[in-house]
Each structure stands twice: as structure tokens, then as C-alpha cells.
Amino acid sequence: MLESQNWIKTENVSDADLIILNTCAVRAKATDKVYSALGRIRRAKKESALLGIVGCVARESGSDAFRRIPELNFVLGPQSYHKLPEIIKNPETKLLNIDLGGLEKFDELPQMTKSPTVAYIPIQEGCNHCCTYCIVPYTRGRELSRPFDDIIQDTINAAKTGAIEICFLGQNVNGYKYTDETGNLYKLSDLIRETAKLPEIHRIRFTSSYPTEMTDDLIEMFGIEPKLLPFLNMPIQSGSPRILKMMNRPDNLDNYKNIVKKLKSVRPDIQISSDFIVGFPDETDEDFEQTLNIAKKIKYINSYSFKYSPRPHTAAAMMSNQISEQIKTVRLQRLDSQLNENQREFNTSCIGQEMMCLCEGLDKTGRHLVFRTPYMQQCIVEKPNTKIPPLQKIKITDANKASLRGELIK
Ligand code: SAH
Numbered sequence: 004m005l006e007s008q009n010w011i012k013t014e015n016v017s018d019a020d021l022i023i024l025n026t027c028a029v030r031a032k033a034t035d036k037v038y039s040a041l042g043r044i045r046r047a048k049k050e051s052a053l054l055g056i057v058g059c060v061a062r063e064s065g066s067d068a069f070r071r072i073p074e075l076n077f078v079l080g081p082q083s084y085h086k087l088p089e090i091i092k093n094p095e096t097k098l099l100n101i102d103l104g105g106l107e108k109f110d111e112l113p114q115m116t117k118s119p120t121v122a123y124i125p126i127q128e129g130c131n132h133c134c135t136y137c138i139v140p141y142t143r144g145r146e147l148s149r150p151f152d153d154i155i156q157d158t159i160n161a162a163k164t165g166a167i168e169i170c171f172l173g174q175n176v177n178g179y180k181y182t183d184e185t186g187n188l189y190k191l192s193d194l195i196r197e198t199a200k201l202p203e204i205h206r207i208r209f210t211s212s213y214p215t216e217m218t219d220d221l222i223e224m225f226g227i228e229p230k231l232l233p234f235l236n237m238p239i240q241s242g243s244p245r246i247l248k249m250m251n252r253p254d255n256l257d258n259y260k261n262i263v264k265k266l267k268s269v270r271p272d273i274q275i276s277s278d279f280i281v282g283f284p285d286e287t288d289e290d291f292e293q294t295l296n297i298a299k300k301i302k303y304i305n306s307y308s309f310k311y312s313p314r315p316h317t318a319a320a321m322m323s324n325q326i327s328e329q330i331k332t333v334r335l336q337r338l339d340s341q342l343n344e345n346q347r348e349f350n351t352s353c354i355g356q357e358m359m360c361l362c363e364g365l366d367k368t369g370r371h372l373v374f375r376t377p378y379m380q381q382c383i384v385e386k387p388n389t390k391i392p393p394l395q396k397i398k399i400t401d402a403n404k405a406s407l408r409g410e411l412i413k
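Counting from 4, one number per residue, gives the positions in the sequence shown under my numbering.
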């Protein structure tokens with residue numbers, strides 16, 4: 004949108020005429036980082052430069068953001084990015100728009116003329132699940148799914164302008180549901196089937212998923228569609244049914260394990276990753292041991308783990324028996340060492356295998372290419388002398404906890 008108005012990018016804050024922070028509010032630390040960055044930027048920027056925040060911290064803070072940082076010119080919530088040109092037209096005003104209107108922004112944004120190799124395509128926004136720790140229903144609102152045809156147009160455009168991989172995005176991505184004027188219902192499985200027909204697109208994935216939205220049509224896609232990567236982030240958050248109930252998450256672990264079993268039966272090489280929260284209010288040592296056990300049992304790879312962070316507008320922030328920072332730290336370390344162990348074991352098991360990997364570019368030294376395997380592991384390869392296409396078959400030669408090493412197969 005800005006490029007079409009002839010704005011160009013600068014790497015230097017002190018050169019910029021317009022500074023936009025795109026923000027995340029999911030944990031307090033993310034919000035704190037925004038304000039410390041704003042503190043640095045307001046001292047470094049040109050006096051005339053416009054400064055603003057967009058996204059979830061804008062929605063979380065509202066007009067309070069102007070009080071905390073008087074230099075701010077605009078505060079735009081996740082569904083009002085497209086109002087940005089207004090501030091350029093009227094730099095004298097303070098622009099505040101944190102309304103949850105709908106998904107009009109997608110109609111306002113111009114089509115990309117060049118796509119990165121991995122094109123991230125939003126398909127839905129918001130979430131109806133109301134996990135008690137989560138600020139997303141407040142910052143992003145209720146679930147809204149984009150029209151099927153619009154998304155397909157975006158994937159075609161991405162394919163034509165350079166994308167090789169499509170990653171469908173949504174806060175509850177597998178909850179995607181769209182009914183057109185004639186009453187046809189479209190789901191994520193339909194989007195995958197249609198996108199897989201594009202010859203330019205070789206890899207498809209999606210994030211983030213809610214466990215009980217893994218319906219059979221979607222599970223079956225993993226067996227039918229080879230372009231769908233054999234890797235799924237399906238957060239469990241905790242291994243304790245008692246804590247899951249307090250989180251307002253699906254608390255039937257047998258159901259969860261059954262979904263994993265079905266996925267493995269249609270796609271034996273599939274790997275699962277999870278997000279975990281430790282130190283949720285009232286979490287006991289016993290609850291936490293159950294989390295450790297499930298991490299071990301399901302052999303999650305590539306997972307994310309966080310200390311519980313109380314967030315405004317959430318039910319869990321009001322709960323009694325909040326856990327001390329010290330206990331959270333110890334539990335996080337123990338969980339991380341289990342998750343690292345899983346990762347190391349899986350990475351080691353990849354040695355000797357051949358995998359189709361997608362190039363992300365050069366590493367810091369400039370002497371190696373960095374690839375992503377179908378499991379989103381990083382794989383480092385010596386840079387060849389000739390230019391090569393981004394999708395390559397690579398033989399994995401070595402592995403550690405964090406990454407793999409490999410060789411191009413001639
Ligand atoms: N709808 C997505 C949200 C992604 S946020 C989902 O539930 O998968 C990414 C992760 O952040 C969540 O999975 C959860 O593990 C973590 N998270 C969310 N709120 C949190 C909080 N208040 N404290 C700590 N971690 C949190």
C-alpha cells in the first residue's frame with residue numbers, strides 16, 4: 004500500500020519519515036518490548052517523522068498509548084491497518100482506530116507484485132475459543148473467515164509472483180469456514196486441495212491449529228496431498244486435564260492422542276509440535292509432571308514453551324494461586340530440556356535421509372545456504388559456485404539440537 008504511494012524502505016531510524024511498529028500482545032514481554040523500542044525510537048527519529056503502532060498492542064493500549072508516548076501519531080488495531088494513508092494525508096492529527104470492524108482491510112490492500120518464496124496468506128482472523136489465558140479474543144475479536152475465492156486469488160497471485168510455499172495463517176486457522184452466496188461451505192481442506200493444483204506451489208502448511216478443529220476431512224488431506232508438509236503445530240498447552248479445564252482448553256487427552264494417531268495412520272512420517280504454557284495459576288508439581296510426560300510421550304519436535312503471563316481482559320489473570328516467577332523459571336527449564344532432548348533425537352534420526360528442502364538464503368558468513376526441511380528444521384549446506392533453484396534434494400549428513408547439516412544431491 005505504501006509502496007504504491009512511492010514510499011521506500013530505509014534501514015535507518017534516523018532517516019525515516021514514517022515509522023511503524025507492527026506489534027504482538029500475546030505475552031506481557033512482547034508489549035513491554037514495544038514500549039522500550041518506542042522509547043529508543045522517539046529519541047533517534049527525525050522530529051518531523053511520523054511514528055505509530057499497529058496491531059495487537061495498539062488495540063490493547065488504545066488512547067493510553069498516546070499518554071505513554073506523546074510523540075505517537077497513530078495507533079491502529081489489527082483490523083484497521085488500511086487506515087494508514089489517512090495519517091499521511093493529515094500528519095497534524097492523532098489517529099486512533101482500534102475498532103474490530105471486520106476484514107475490510109483485505110479489500111483495501113493492493114496485490115503484491117513480488118512474493119517471497121514462502122507466502123503467508125491470512126485466511127481467518129480472531130478466535131471463538133476463549134482460552135482463559137489468551138488476549139487474542141480481545142485484540143482480534145471473534146472469528147471471521149475470508150471469502151474462499153479471495154484467498155484462492157491470493158494464492159494464484161503469490162504463485163505467479165514467485166512463491167513456492169504457501170503458509171495459511173489464522174489465530175484459529177483450522178476453524179476456517181466460509182459459506183458463499185449459494186450456500187456452499189468451504190473449509191481449510193478445500194483451500195489446501197485447490198492450492199495444491201497450482202504447479203508453482205510445492206509446499207503447503209498452516210498455523211496455528213486448535214486440536215479439536217482437526218476434523219477428519221483435514222486429517223485425510225495429510226494422506227491425500229503430498230504437497231501438504233508432514234508437520235503440524237497442534238498446541239496442547241498442558242498435560243494436566245485439571246489445568247486444561249481451567250484454561251478452557253480441550254481436556255480429554257485421549258481425544259487429543261486419538262487425533263495424533265489418526266494423523267500418523269494417514270501420514271506415517273508426520274511430526275507434531277506443540278506450544279506449552281508452564282506456571283498457569285494453581286499448577287502443582289504433579290500437574291507439571293503430566294506436562295513433562297506428554298511432551299515425552301508424543302515426542303513433539305520444534306515446540307514452543309512459555310511462562311504463563313497474566314494478560315488484561317483475560318479470566319486467568321484474576322484467578323487465585325498465581326505461580327511465582329521462580330517456580331515458573333524452574334519448570335520452563337525442565338520442560339525445555341525435555342523438548343530439546345526430543346529435538347536432538349529427531350534431528351539425529353534424520354542423518355542419512357534425503358529431503359526436499361527450501362532455500363531461505365545465505366547464513367551470516369555468506370559461505371553457506373540455509374534451507375528449511377519439510378519439518379521446518381534448519382539445514383546448513385555449503386554454498387555451491389553456481390546459482391541453484393530454491394527447492395533442492397538434500398542429503399542430511401549431521402545434526403545437533405538446533406540444526407542439520409547437509410549436502411546437495413547432484
Ligand atoms: N490461537 C493461537 C495463539 C497463538 S499465541 C493458539 O492458541 O495456538 C502462541 C502461543 O502463545 C499459544 O499457543 C500459547 O502457548 C502462548 N500464550 C498465549 N497466551 C499466553 C499467556 N497469557 N501466557 C503465556 N503464553 C501464552
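We put the CB at the ideal spot given by N, CA and C, even for glycine.
- prompt: With distances taken from CA atoms, which of Lys-92, Tyr-189, Val-269 and Ile-207 is nearest Ile-227?
  reply: Nearest neighbour of Ile-227 by Cα position, chosen from Lys-92, Tyr-189, Val-269 and Ile-207, turns out to be Val-269.
task: Using only alpha-carbon positions, find the residue among Ser-340, Asn-100, Gly-55 and Ser-7 that is nearest to Ala-405.
output: The shortest Cα separation from Ala-405 among Ser-340, Asn-100, Gly-55 and Ser-7 belongs to Ser-340.
task: Can you tell me the Cβ-Cβ gap for His-371 and Ile-383, rounded? I've got them flagged as a contact below 8 Å.
output: 5 Å between Cβ atoms; contact.
task: Tell me whether the beta-carbon of Glu-63 lies closer than 8 Å to the beta-carbon of Ala-40.
output: Against a cut-off of 8 Å, the Cβ pair of Ala-40 and Glu-63 comes out as no contact.
query: Taking all protein chains shown into account, do 16 or more other C-beta atoms lie within 10 angstroms of the C-beta of Ile-204, making it buried, or fewer, making it exposed?
result: It is buried - the Cβ of Ile-204 has at least 16 other Cβ atoms within 10 Å.
- prompt: Near Glu-216, which residues of its chain fall below 6 Å by C-beta distance, leaving aside the five closest residues on each side in sequence?
  reply: Answer for Glu-216: Asn-177 and Gly-178, listed in chain order.
query: Any chance the stretch 89-98 sits against the stretch 63-78, with 3 or more Cβ pairs inside 8 Å?
result: The stretch 89-98, when compared against the stretch 63-78, does touch it at the 8 Å Cβ threshold.
- prompt: Start and end of the alpha helix (DSSP H) containing Tyr-141?
  reply: Judged by DSSP secondary structure, Tyr-141 falls within the alpha helix (DSSP H) whose first and last residues are 139-143.
query: Could you give the distance in angstroms between the alpha-carbon of Leu-24 and the alpha-carbon of Phe-209?
result: Whole-angstrom Cα-Cα distance: 25 Å.
Given Thr-218 as reference, the closest of Glu-197, Arg-245 and Tyr-259 once Cα atoms are compared: Residue nearest to Thr-218 within the set Glu-197, Arg-245 and Tyr-259 is Tyr-259 (criterion: CA-CA distance).
- prompt: Alpha carbon to alpha carbon, what distance is there between Thr-158 and Cys-360?
  reply: So the two alpha carbons sit approximately 21 Å from each other.
- request: Please report how far the alpha carbon of Ile-262 lies from the alpha carbon of Ile-239, in whole angstroms.
  value: Ile-262 and Ile-239: Cα-Cα distance of roughly 12 Å.
- prompt: So Ala-298 packs on Asn-345, CB below 8 Å; how close in whole Å?
  reply: Going by Cβ atoms, the distance from Ala-298 to Asn-345 rounds to 7 Å, so yes, they are a contact pair.
- request: Spell out a yes or no on whether the stretch 129-145 and the stretch 181-197 are touching, meaning 3 or more CB-CB pairs, one atom from each, closer than 8 Å.
  value: Short answer: they don't touch.
task: For the alpha helix (DSSP H) containing Ile-11, list its first residue and its last residue.
output: Premise fails: Ile-11 is in no alpha helix (DSSP H) and is neither H nor E.
task: Consider the C-beta atom of Asp-3 and the heavy atoms of the ligand SAH; say whether any pair is separated by less than 7 Å.
output: The first residue shown for the chain is 4 and the last is 413, placing residue 3 beyond what the model contains.
message: Between the alpha carbons of Ser-51 and Asp-67, how many angstroms are there, rounded?
response: Going by C-alpha positions, Ser-51 is about 22 Å away from Asp-67.
message: Here's a check: name, in chain order, each residue in its chain whose Cβ is nearer than 6 Å to the Cβ of Thr-13, leaving out the five neighbours to either side.
response: Ala-19, listed in sequence order.
query: Opposite Lys-310 in the DSSP bridges: which residues?
result: The partner list for Lys-310 (beta bridge, DSSP) reads Val-281.
Arg-206, enclosing beta strand (DSSP E) - first and last residue: Per DSSP, Arg-206 belongs to the beta strand (DSSP E) from 206-210.
field: Minimum length 4: unbroken alpha helix (DSSP H) runs contained in the stretch 43-96
entry: Qualifying alpha helix (DSSP H) stretches, in chain order: 59-64, 67-71 and 87-92.
field: Beta-carbon separation (whole angstroms), Ser-192 vs Asp-220, contact threshold 8 Å
entry: Right, their Cβ atoms sit about 4 Å apart.
field: Close beta carbons around Ala-199, own chain, < 8 Å, minus the five adjacent residues each side
entry: Within the same chain, Ala-199 has close Cβ partners Ile-207, Glu-228, Lys-230 and Leu-231.
message: Please state whether the Cβ-Cβ distance between Thr-400 and Glu-410 is less than 8 Å.
response: Inclusion of Thr-400 and Glu-410 in the CB contact set at 8 Å is warranted, their separation being smaller than that value.
query: DSSP on Glu-292, reduced to helix/strand/coil?
result: Assigned with DSSP and collapsed to three states, Glu-292 falls in helix.
task: On the DSSP bridge assignment, give the partners of Asn-236 in chain order.
output: As computed with DSSP, Asn-236 is found in a beta bridge with Ser-276.
message: Assess contact between the stretch 122-133 and the stretch 83-90, defined as three or more Cβ pairs (one per stretch) separated by less than 8 Å. Is contact present?
response: Judged by Cβ distances under 8 Å, the stretch 122-133 makes no contact with the stretch 83-90, as fewer than three pairs qualify.
query: In whole angstroms, what is the alpha-carbon distance linking Leu-21 and Gln-356?
result: The alpha-carbon atoms of Leu-21 and Gln-356 are separated by roughly 48 Å.
- prompt: How should Gly-242 be labelled, buried or exposed, when 16 other C-beta atoms within 10 angstroms of its C-beta is the threshold for buried?
  reply: Buried, because 16 or more other Cβ atoms sit within 10 Å of the Cβ of Gly-242.
- request: With a threshold of 16 other CB atoms inside 10 Å of the CB of Ala-319, please say whether the residue is buried or exposed.
  value: Counting every other CB atom within 10 Å of its CB across the protein chains shown gives Ala-319 a total of 16 or more, marking it as buried.
task: Mind checking who Asn-25 pairs with in its DSSP beta bridge?
output: Partner(s): Val-57.
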